[in-house]
Amino acid sequence: MDWNSLILLGVLATSLVASGVIFLLAESRLVLRTVVNLTAAVLKLVLVGWIVWGVYQAIEYEFRFTIIEGVDFILRADALGIMFVGLSSLLWLFTTIYAIGYLEKAPNRSRFFGFFSLCVASTVGIALAGNLFTFLLFYELLTLSTYPLVVHRGTRESLRAGQVYLYYTLGGGALLLFGVVALHVLIGDTEFVPGGSLAGLDPSLHPMLIIIFLMMVIGLGVKAALFPLHAWLPMAMVAPAPVSALLHAVAVVKAGAFGIARVVYDVYGIEFAQSLGLLMPLAVVASITIIYGSLRALAQTDLKKRLAFSTVSQVSYIVLGISLFGPIGAVGGLMHLLHQGLMKITLFFCAGNYAETLGVHKISELDGAGERMPATSVAFTLGAFGMIGIPPMAGFISKWYLGIGALEAQMNWVLGILILSSLLNAAYFLPILYRIWFRKRDRMWCEGKVLGRFETQASLLFPTLFTAAVALAAGILAGMPFSPLYWAELIVGREYLQ
Amino acid sequence: MIGLWSVPLLFALPLSLGILSLLVVPAWRPRLIFIGLPLLVAASLDVLAGLATIGPHVYRLGDWAAPLGINLVVDGLAVGMILMTTLVTSLCALYAWVYLRDHPTSTTFFWPLLWFLWAGMNGIWLAEEIFNLYVGLEVMGLAAVGMVALRATPQALAAAMRYLLAALLGSLAYLLGVALLYGAYGTLSMAGLQEVAANNATTQVALALIILGLLLKTALFPLHAWLPPAHGGALTPVSALLSALVIKASFYILLRFWLVLGPEITPEFTAQFLGVLGAGAVFYGGWMAWRQHHLKQLVAYSTVAQIGYLFLFFPLVTNTGPEAQRLAWDGTLMMLIAHALAKAALFLSAGNLILAVGSPQISHLVGISRFRPMSLFSFGLAGVSLMGLPPSGGFTAKWLLLHSAILSGQWWWLIVLFLGGLLSAAYIFKVFRMSFREGPQIDRSVTPPLTLDVTALILASAAILIGLTAHLPLHWLRLGSVFGVS
């Protein structure tokens, strides 16, 4: 076993070991828990940075062992996987800092941070999985480790949300399992290879392959919150803000979208998927989800609910980009995996700051919040602009590439969807910004916590500002090396050149 | 020589310890485990070493040849069962050593019965002749009935009585079948039967009786009614032993019969019928488990459901291709072992949760995740395996069975595996849901002794780990069967 495979295990182990240690710590060991958490997060980030550099230079990282005859456990770092790992380990660090501040003095923190680390370990596993079996393994582990976080508050409402979450994800997981087993029966161990491994199969199997694709995409679509499989996501908003960040930006919905990318690019292969006629329906479903999510967001009065429906809509941009046949659309979709994560986590951090500092949950109560919490509000504004797609924000770059990609794929109607969706995004974000900046508060703020020097606790404020800054930089510096755009082009170069 | 001295010890040792424990003063009875456990662990490992060095073989007790002497089969299947039994029983014995301190009246007879149970099980795993299998079944069955009665409450005695009647009826049917076979062919040896048995009416009637008797003892739906009160009502370590191991012994005998007679003599119809009963067990058991209000009853009904998966073996190996058959064999044995580990862990951790809240009601578990995370964690790990979610032995088993079902074109068993998994998720998460609900703010629950939590955690971790390292045990288990090199 060489260093290159050990380092992959190291990336997985940092959060896995942290999770185990945290579970064993007593509730009162605040300092030690924080140290373990942050050390693991920073260590992981360093290791990931190392691998990113290696992958850039086309070094192979692989770890495998045999589970049963014909089925291997494979971890492998390729450009697509390491992009997702990079996103989740960066955001893990900031979400952890945020959560430490957010949950100060709350009960059950050992349990919370233990499962939180386990979630991130599963996400890393999903991203580094080198075959469908390993992917499935971590995909289900993610379901199991998020459930305790969704029900964390232990209220009737959150238990109900947890139950709905399980209905959807366990059902979807079972369908995915069928699809994966069926592929195994057809071709044996399904490793992810650029260009896919199914194109050579006998044409008489094509109807079967279409059914398998359908099962897998439904299974993955549950987590990606594709319409009509999205209902669990807005319900899960009852969980604490760091959990929302985890669901919407770091791990869960991304795992679904990432899985669809894997299936299309590395199992079926984009050209074979196109020749089976699978991409068009996927684009249609994604488009419907984009519009539907935005329309529902418009109708919400609760800030976090509105953001949740906005996620339903925005994640489907990724799926849309994957389903556009052509490299530019793919760049748009893959890049949006990062962009959406950065922007959405900023927005959720802001929503959490408003709720924790000012006790505000409803959009109608946000009047004058900009005056009271200027830094948070600037971050929120940046995130919202990004979501609408105003240049030079990151969201604009995604939409631009998606639009060009649609023209390239001769699916001009997608442009209409993009424009309509941007208008809808503006329609549900701009009124919030108007309230924050241009309306005056008519009574005193009822403030919950002792705040310290800043407008809110430092541990809440700084992660928010940082993610906002990164989201901004991702747009402005899109032309620089190692920007999301740059990396997405690298992936597409490697996937399409096959 | 490696692997040979230890084979007879596997049942001679527990048998003599059982007798010895009746002779010493009660206070000394628990302490015998500190002699017995290391010796049995060493013997089991030595048998494994023997299998690895000289391969599957037949051990002649006292070196007497077959009809006079007793033949013992040491093949992959038997050794796998022996190791599983040693692991589960040792941990349950350690658990009982601490647990029974609060049950002074039960401890008098628990220890002798445990040794006899162990001797009976090891006898079954090793026996080559069908009559010796019967002897093993009776020794094990009577010890198990005695263990159910240990609690000595009216309910426990009623449950033990029901169990006794079911067990006796089952072994009687089995014995009748054995007698018919002996009358027809004049041999009791499995290998002998394989050579001479013909597909005629006598054989069919005999096999029908044997299968019926074993189904009753395995508690396959709809013959399961004796199981939930017996397993759910017994002392916790007893429940774990019975659910994890004892019901597997009768299934194991069925498997042995199939190995020598099955492919020719079990017709397609019987195989499908057994599969359908298994499906019925999965659905009915899962549904009933979900409806229970008592934690241990829920776990007991979960056993009824999980037994059903084992019986999918028969339709999957009858008239199917060799690859599908091998996958079914691997999947069934993985399921059997994973269930043994996970169910023992589930019962032990359920016992810990009950100790902590002082009530068997699931509704009294409100808020327990906050105060006894470790007991709940073991319960959760074991639950993952029972739900068939990765990474766990239960998942690997399900994967293999799914693979086999697709390969043999019997898609209807996919539905059983699909819905069965969701049903088990429903009842496992029923417990979790309660434990995550915010309840009392002050910790009023009892802390179970560390040994109790640790033994449950080891078993649960084993159920998870075996799924990740399934390659090796499955390779061993195939040794000496039609699926592996001999």
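Going down the list, the sequences are from chains A and B.
Taking our numbering, the leading residue of the first sequence gets 273, the next gets one more, and so forth.
Taking our numbering, the leading residue of the second sequence gets 5, the next gets one more, and so forth.
Just so it is clear, CB atoms sit at the ideal spot from N, CA and C, and this is done for glycine as well.
Keep in mind the model is a prediction, meaning the values are calculated, not measured.
With residue i and residue j assumed to form a contact (beta carbons below 8 Å), what rounded beta-carbon distance in angstroms separates them?
i                : j                : result
Val453 (chain A) : Leu406 (chain B) : 4 Å
Ile279 (chain A) : Leu319 (chain A) : 6 Å
Val51 (chain B)  : Leu14 (chain B)  : 7 Å
Ala678 (chain A) : Leu687 (chain A) : 6 Å
Trp443 (chain B) : Val370 (chain B) : The identity of residue 443 (chain B) in the sequence shown is Gly, whereas the question assumes Trp. With a Cβ gap of about 4 Å, Gly443 (chain B) and Val370 (chain B) count as contacting.
Phe317 (chain B) : Ala328 (chain B) : Going by Cβ atoms, the distance from Phe317 (chain B) to Ala328 (chain B) rounds to 11 Å, so no, they are not a contact pair.
Leu431 (chain A) : Val423 (chain A) : 5 Å
Phe410 (chain A) : Gly397 (chain A) : 3 Å
Thr583 (chain A) : Val525 (chain A) : 6 Å
Lys484 (chain B) : Pro12 (chain B)  : The sequence shown places Gly at residue 484 (chain B), not Lys. That belief does not hold up - the Cβ atoms of Gly484 (chain B) and Pro12 (chain B) are roughly 19 Å apart, past 8 Å.
Name the chain B residues that come within less than 7 Å of residue i, Cβ to Cβ?
i                : result
Asn380 (chain A) : Arg374
Thr338 (chain A) : His475
Ala446 (chain A) : Phe422, Gly425 and Leu426
Cβ atoms of residue j and residue i: under 8 Å apart, would you say?
i                : j                : result
Lys495 (chain A) : Gly528 (chain A) : yes
Val327 (chain A) : Asp350 (chain A) : yes
Gln729 (chain A) : Gly373 (chain A) : yes
Leu390 (chain A) : Ser361 (chain A) : no
Gly279 (chain B) : Phe315 (chain B) : yes
Ile341 (chain B) : Met88 (chain B)  : yes
Gly54 (chain B)  : Leu17 (chain B)  : no
Gly771 (chain A) : Phe544 (chain A) : Any property of residue 771 (chain A) remains undetermined from this structure, which presents chain A solely from 273 to 770.
Phe383 (chain B) : Ser353 (chain B) : yes
Thr406 (chain A) : Leu347 (chain A) : yes
Ile490 (chain A) : Leu447 (chain A) : yes
Val308 (chain B) : Ala429 (chain B) : no
Leu421 (chain A) : Phe387 (chain A) : yes
Leu674 (chain A) : Tyr589 (chain A) : yes
Gly127 (chain B) : Asn136 (chain B) : yes
Glu299 (chain A) : Arg425 (chain A) : no
Met509 (chain A) : Lys577 (chain A) : yes
Leu418 (chain B) : Ile340 (chain A) : no
Leu246 (chain B) : Ala238 (chain B) : yes
Tyr313 (chain B) : Gly424 (chain B) : yes
Ser379 (chain B) : Met438 (chain B) : no
Phe581 (chain A) : Thr736 (chain A) : no
So with CB distances below 7 Å, who are the chain A contacts of residue i?
i                : result
Trp403 (chain B) : Val453
Ala283 (chain B) : Neighbours of Ala283 (chain B) on chain A: none; closest Cβ ~16 Å, over 7 Å.
Asp388 (chain B) : Rather than Asp, the amino acid found at residue 388 (chain B) in this sequence is Val. Going along chain A in sequence order, the residues near Val388 (chain B) (Cβ under 7 Å) are Leu416.
His407 (chain B) : Val453, His456 and Val457
Pro394 (chain B) : Leu408, Leu409, Glu412 and Leu413
If the cut is a Cβ gap below 8 Å, which residues of chain B does residue i touch?
i                : result
Gly443 (chain A) : Leu426
Phe450 (chain A) : Leu406, Leu418 and Phe422
Show which residues of chain A have a CB atom less than 8 Å away from the CB atom of residue i.
i                : result
Val486 (chain B) : The premise fails here: Val486 (chain B) is roughly 16 Å from chain A at the closest Cβ pair, so nothing lies under 8 Å.
Ile410 (chain B) : Val453, Ala454 and Val457
Leu81 (chain B)  : What Leu81 (chain B) touches in chain A: nothing, since even the nearest Cβ is about 17 Å away.
Pro377 (chain B) : Phe295, Ser382 and Arg383
Leu385 (chain B) : Near Leu385 (chain B) there are no residues of chain A at all, since even the closest Cβ is about 10 Å away, more than 8 Å.
Leu478 (chain B) : Ile340 and Glu341
Can you check DSSP and say which residues form a bridge with residue i?
i                : result
Tyr706 (chain A) : For Tyr706 (chain A), which the question treats as bridged, DSSP gives no partner whatsoever.
His368 (chain B) : Answer is none; His368 (chain B) lacks a bridge partner.
Thr338 (chain A) : A:Asp344
Asp574 (chain A) : A:Lys634
Hey, does residue i have any beta-carbon neighbour from chain C nearer than 8 Å?
i                : result
Phe381 (chain B) : Absent here is chain C; the protein component of the structure consists of chains A and B.
Identify the contact partners of residue i in chain A, using a Cβ-Cβ distance below 9 Å as the criterion.
i                : result
Thr400 (chain B) : Ile339, Ile340 and Val343
Using a C-beta to C-beta distance shorter than 9 Å, which residues of chain B count as neighbours of residue i?
i                : result
Phe620 (chain A) : None at all; the shortest Cβ gap to chain B is about 23 Å.
Val423 (chain A) : Phe436, Arg437, Phe440 and Arg441
Worksheet entry | Members of the stretch 456 to 488 of chain A that neighbour chain B once the beta carbon cut-off is set at 8 Å | Using a CB distance below 8 Å, the part of the stretch 456 to 488 of chain A facing chain B consists of His456 and Val457, ordered along the chain.
Worksheet item: If contact means a Cβ-Cβ distance below 9 Å, which residues of the stretch 426 to 437 of chain A contact chain B?
Response: Against chain B - using a Cβ distance shorter than 9 Å - the residues of the stretch 426 to 437 of chain A are Gly426, Thr427, Arg428, Ser430, Leu431, Gly434 and Gln435.
Worksheet item: Name the residues in the stretch 290 to 322 of chain A whose C-beta lies less than 9 Å from a C-beta of chain B; which are they?
Response: Considering only beta carbons, the part of the stretch 290 to 322 of chain A lying closer than 9 Å to chain B consists of Phe295, Leu296 and Glu299, in chain order.
Practice prompt. Could you please tell me which residues of the stretch 293 to 317 of chain B, in chain order, have their CB closer than 8 Å to any CB of chain A?
Written response: Taking 8 Å as the Cβ-Cβ cut-off against chain A, none of the residues of the stretch 293 to 317 of chain B qualify.
Worksheet item: When Cβ atoms are compared, which residues of the stretch 415 to 439 of chain B fall closer than 8 Å to chain A?
Response: Those residues of the stretch 415 to 439 of chain B that come within reach of chain A (Cβ to Cβ, closer than 8 Å) are Leu418, Phe422, Gly425, Leu426, Ala429, Phe433, Phe436 and Arg437.
Worksheet entry | Against chain B: residues of the stretch 380 to 394 of chain A by CB proximity under 8 Å | The stretch 380 to 394 of chain A vs chain B, Cβ under 8 Å: Asn380, Ser382 and Arg383.
Discussion item. For the stretch 438 to 459 of chain B, list every residue whose C-beta sits within 7 Å of some C-beta in chain A, in sequence order.
Written reply: Result list: Phe440, Arg441 and Glu442.
Discussion item. Please identify, using Cβ separations under 7 Å, the residues of the stretch 525 to 537 of chain A that lie next to chain B, in order along the chain.
Written reply: If the cut-off is 7 Å between Cβ atoms, the stretch 525 to 537 of chain A has nothing near chain B.
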